[in-house]
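Heads up, the sequence shown stops at 1276 in the numbering used here, and the numbers go up one at a time, no gaps.
These notes concern the structure reproduced below.
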Amino acid sequence: MGNTTSEVASGVKAQINSGGQGPELYRFVDMTGGGEFVEVMRVANRTKDYTQIDALIREHIPRFLYNDGEGKLVTISEIVRRRNNTFTKVKNIVSTAKPLEEEQANGEEAKHVCWDLDQRGGVGEQILHLCFLSSSPVHTALAKRLLRHYPKMIDDLYMGDEYYGENVLHIAIVNEEPATVKFLLDAGVDFTQRCCGKFFSPEDQKSSRVDNVTKECPDVSVATDYEGYCYFGEYPLSFAAVLQQEESVRLLIAKGADTNCQDSNGNTALHMCVIYNRIQMVDLLCELGASLDIKNRQGLTPLTLAAVKAHKDMFDHILQKTRIVYWQYGNVTCAGYPLDDIDTIGKDGSLNDTSALNIIVRGESAGHLDMMDGLIVQLLNEKWRTFIKFKFFQRMGIFVFYFTICLLALIVRGYYRVPPSCIVHEIIDKEENKLKSIIADRPECKCHYTNFLWQTNLFDNTNRTTISMSMIMKNIPKKRQFEPTALALNVLDGLSVLGSFMYLIITIRELSYQHFKLDYFIYVNDPTRVLFLFSCLLTVALVPARFTCSIALDDILCTYSILTRAPYFFFFCR
């Protein structure tokens, strides 16, 4: 994470490098802690005479406000357009965007805005934000003075894309000032405002943000690792929990903040505590009514998220909070653990690929290896004893029996000989009297694996005339000589094909039942099983090869199928 970089918006650079040449509001309060209002307020704090600062506020501030400080409603679509600094970008995202007047007429969702949007700072801030950012006693006193004259400024947000949604409550929480948090809550600040600017997003989601003129917060990709410099969960409550501001958490919940509100990723304050490993805050939130059963957009509860992040202490702590204690005697405790988020099989028999057991077993970090103890190991042992052990040895026995049949088929094939009537000798070198034996190019010889189950004398060895299969069928003699080797070969090959076909049917059934999720992981991490299924396909391919009289292909398929089938023994022996 230390090597990742965050793109700095041009507005941020303009804000930092303004040097007095930026928006007019920097004349009164700037980013360096100075400004006309600050100097006057410093004197007022010392003399306790606020006449001059009050006069300056009434003289200069009204021209920056809508309706003399009463504010006005601005539609979400207009806010999104301004946030992007262009109409073209938004139209490319939502082509059905309507004119502002029509949107207002249709009752579109809107936000109350007090400070003129055209007279904001470099990243969409107003004077209150600058005061709380500096966080000195003088700036705090100035902010309170401003709110005394124009109280509706309190809900104004950062309007730039980088810090969009941040209000003075977020800033006070980050500054770790519970007294200021209480003052703002008593003044009526919006404690449900979401801070969803680019700066507060996970690093791997910054490039996937897509604006929609019907929604205040951008849409983001579901896939993320939640790692970010300032990803704190958007809501003030989540900010306070991540930053371990216990007093602020209690103040927010006392005011009515929802302990289970979810951000753009579906994360609650509890999820955020898990991401940042805040065990004490988990206890506090659970005490104040937060739920451990809510899932985020990836289908993870706080418990399973702890498994994903390999936070062992947090995982064990949440397990202890969810357990049901049946009895205690001294230091001995009998407790039960709900398996809803732990086991890979749900109550209805469906497979849960986001279960803690599945996540920990599939994890690749050293932290996941450390989590393989306690309840997880006990659960694995119980599953082995009650179900897997019998199925494992049953499958091993079936495979040994199946492999034996395939091996016998290969051995019989080695003993099998082509009927002498189908052998033709060709002279290669007359001087050295060298001969080459080949199979005669006759229908019954090409199909000798099947045609010679019973040997017949259909042809005279001296007869070279080609006879059609229909003529052969009409002239089959009644007397037949039994050929046991050919019969054994076809019977064993038939059993091999049947077994392979059954294995493939079972595999397809498992894949469909598991929705092609868990099996993908199994096959990718077990090449011997993939080879075995490939051998089954080769064996099934013997059927068309046999009945199309492709002798060479028949032999090749048999050879490679046994070679790719044998490594499957490692699956049972490891």
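Think of the CB as a built atom: it goes at the ideal place given N, C-alpha and C, for glycine as much as any other residue.
Computed from a predicted model, the values in this text were never measured in an experiment.
Could you tell me which of the options sits nearest to residue i, measuring between CA atoms?
| i | options | result |
| --- | --- | --- |
| Gly-1099 | Asp-892, Phe-902, Tyr-1270 and Glu-864 | Tyr-1270 |
| Asn-1060 | Thr-1088, Leu-1112, Val-1010 and Tyr-1039 | Val-1010 |
| Glu-878 | Phe-893, Asp-820, Leu-835 and Met-861 | Leu-835 |
| Ser-910 | Val-922, Glu-827 and Glu-918 | Val-922 |
| Gln-1000 | Ile-981, Ile-1062 and Tyr-928 | Tyr-928 |
| Phe-1274 | Lys-1091, Leu-887 and Gly-930 | Lys-1091 |
| Thr-1046 | Ser-1067, Asp-906 and Thr-1056 | Thr-1056 |
| Lys-1014 | Asn-1033, Ala-1058 and Pro-764 | Ala-1058 |
| Met-855 | Val-1102, Gly-862, Leu-830 and Ala-1247 | Leu-830 |
| Pro-920 | Val-944, Glu-936, Glu-761 and Val-840 | Glu-936 |
| Thr-965 | Arg-1211, Ile-996 and Gln-946 | The sequence as given places Asp at residue 965; Thr does not occur at that position. Asp-965 has its Cα closest to that of Ile-996, out of Arg-1211, Ile-996 and Gln-946. |
| Thr-916 | Leu-886, Arg-783, Arg-744 and Phe-1089 | Arg-783 |
| Gln-947 | Ala-881, Tyr-752, Phe-739 and Asn-1083 | Ala-881 |
| Tyr-933 | Asp-1042, Asn-969 and Ala-925 | Asn-969 |
| Lys-957 | Thr-1024, Phe-885 and Cys-898 | Phe-885 |
| Tyr-866 | Ser-838, Val-883 and Leu-819 | Leu-819 |
| Leu-1189 | Leu-1240, Arg-1115 and Asn-869 | Arg-1115 |
| Leu-859 | Arg-1025, Gln-828 and Thr-1024 | Gln-828 |
| Thr-961 | Tyr-752, Leu-990 and Asn-998 | Leu-990 |
| Asp-1257 | Asp-985, Phe-1272 and Thr-1241 | Thr-1241 |
| Leu-1200 | Val-1245, Tyr-1031, Ser-940 and Asn-1227 | Val-1245 |
| Glu-772 | Glu-741, Asn-1083 and Pro-853 | Pro-853 |
Quick one: measure Cβ to Cβ for residue i and residue j, integer angstroms, because I've assumed they're closer than 8 Å.
| i | j | result |
| --- | --- | --- |
| Ile-1020 | Ala-1008 | 6 Å |
| Leu-972 | Ala-992 | 5 Å |
| Tyr-1117 | Thr-1187 | 6 Å |
| Gln-821 | Glu-761 | At roughly 16 Å, the Cβ-Cβ gap does not stay under 8 Å, so Gln-821 and Glu-761 are not in contact. |
| Asp-888 | Arg-785 | 30 Å between Cβ atoms; not a contact. |
| Val-840 | Asn-747 | 6 Å |
| Ala-1247 | Leu-1259 | 6 Å |
| Arg-980 | Val-924 | Not confirmed; about 24 Å, so no contact. |
Return the first residue and the last residue of the alpha helix (DSSP H) that residue i is part of.
| i | result |
| --- | --- |
| His-831 | 829 to 836 |
| Gly-1116 | 1091 to 1117 |
| Val-876 | 870 to 876 |
| Tyr-1205 | 1186 to 1215 |
| Gln-982 | 981 to 989 |
| Thr-1230 | 1229 to 1242 |
| His-762 | 753 to 762 |
| Val-1079 | 1077 to 1085 |
| Met-976 | The question names Met, yet the displayed sequence has Val at residue 976. Run containing Val-976: 971 to 977, per the alpha helix (DSSP H) assignment. |
| Ala-1012 | From DSSP, Ala-1012 is part of no alpha helix (DSSP H); its letter is neither H nor E. |
| Asp-770 | Element bounds for Asp-770: n/a, residue is neither H nor E. |
| Ser-1263 | 1253 to 1267 |
| Asp-1072 | 1068 to 1072 |
| Leu-886 | 880 to 888 |
| Ile-955 | 948 to 956 |
| Glu-741 | 738 to 749 |
| Leu-939 | 938 to 944 |
Got a sec, what are the start and stop residues for the beta strand (DSSP E) residue i sits in?
| i | result |
| --- | --- |
| Gly-685 | The structure shown does not extend to residue 685, since the chain is modelled only from 703 through 1276, so no value can be given for it. |
| Thr-1035 | 1034 to 1038 |
| Ala-845 | Careful: Ala-845 lies outside any beta strand (DSSP E), inside the alpha helix (DSSP H) at 839 to 851. |
| Lys-774 | 774 to 777 |
| Ile-1026 | 1026 to 1031 |
| Gln-1058 | Gln is not the amino acid found at residue 1058; the sequence shown has Ala there. Premise fails: Ala-1058 lies in the alpha helix (DSSP H), 1058 to 1064, not in any beta strand (DSSP E). |
| Ala-812 | 812 to 815 |
Quick one: is the Cβ of residue i within less than 7 Å of any heavy atom of the ligand SAM?
| i | result |
| --- | --- |
| Thr-916 | The ligand SAM is not part of this structure, which contains no ligands at all. |
Once the 5 residues before and after residue i are set aside, which same chain residues still bring their CB inside 7 Å of it?
| i | result |
| --- | --- |
| Ala-680 | In the structure as shown, the chain begins at 703 and stops at 1276. Residue 680 is therefore absent and cannot be evaluated. |
| Glu-804 | Note that Glu-804 has pLDDT 44, beneath the 50 cutoff, so the model's placement of it is unreliable and the number below is only indicative. Excluding sequence neighbours, Glu-804 sits near nothing in its chain. |
| Asn-794 | Because the pLDDT of Asn-794 is 40, which lies under 50, any placement of that residue in the model is unreliable, and the question is left without a value. |
| Thr-1209 | Leu-1235 |
| Leu-1081 | Ile-1044, Asp-1045 and Leu-1059 |
| Thr-1164 | Any reading at Thr-1164 must be qualified, since the residue scores a pLDDT of 43, below 50, and its modelled position is unreliable; the value itself is stated next. Answer for Thr-1164: no residue qualifies. |
| Gly-930 | Ser-903, Pro-904 and Glu-905 |
Quick one: residues in its chain with C-beta nearer than 6 Å to the C-beta of residue i, no 5 flanking neighbours on either side, listed in chain order?
| i | result |
| --- | --- |
| Gly-722 | With a pLDDT of 49 at Gly-722, under the threshold of 50, the modelled position of that residue is not reliable, and no figure is offered here. |
| Ala-1111 | Leu-1194, Asp-1195 and Ser-1198 |
| Thr-1266 | Leu-1233, Phe-1236 and Ser-1237 |
| Arg-1166 | Only weak support exists for where Arg-1166 lies, its pLDDT of 39 falling under 50; the value from the coordinates is given anyway. Taken in chain order, the list of residues that qualify is empty. |
| Ser-1052 | none |
| Cys-963 | Tyr-937 |
Could one say the Cβ of residue i lies closer than 8 Å to chain C's Cβ atoms, at least one of them?
| i | result |
| --- | --- |
| Glu-1066 | No chain C is part of this structure, which consists of one protein chain only. |
For residue i, collect the residues of the same chain with a Cβ closer than 8 Å to its Cβ; drop the 5 residues on either side in sequence, then sort them by chain order.
| i | result |
| --- | --- |
| Gly-812 | In the sequence as presented, Gly is not what sits at residue 812; that position holds Ala. So the qualifying residues of the chain are Leu-775, Val-776, Thr-777, Ile-778 and Gln-806. |
| Leu-1002 | His-973, Val-1010 and Thr-1056 |
*Assess, as a yes-or-no matter, whether the segment 729 to 741 is touched by the segment 835 to 851 under the definition of 3 or more beta carbon pairs within less than 8 Å.*
yes
*Counting Cβ pairs, one atom from each stretch, are 3 or more of them under 8 Å apart for the segment 1067 to 1074 and the segment 1103 to 1110?*
no
*For the 8 Å Cβ check, are there 3 or more pairs between the segment 883 to 896 and the segment 747 to 764?*
no
*Do three or more CB pairs link the segment 901 to 909 to the segment 976 to 987 at distances below 8 Å?*
no
*asked:* Pairs of beta-carbons, one from the segment 777 to 785 and one from the segment 760 to 768, closer than 8 Å: are there three or more?
replied: no
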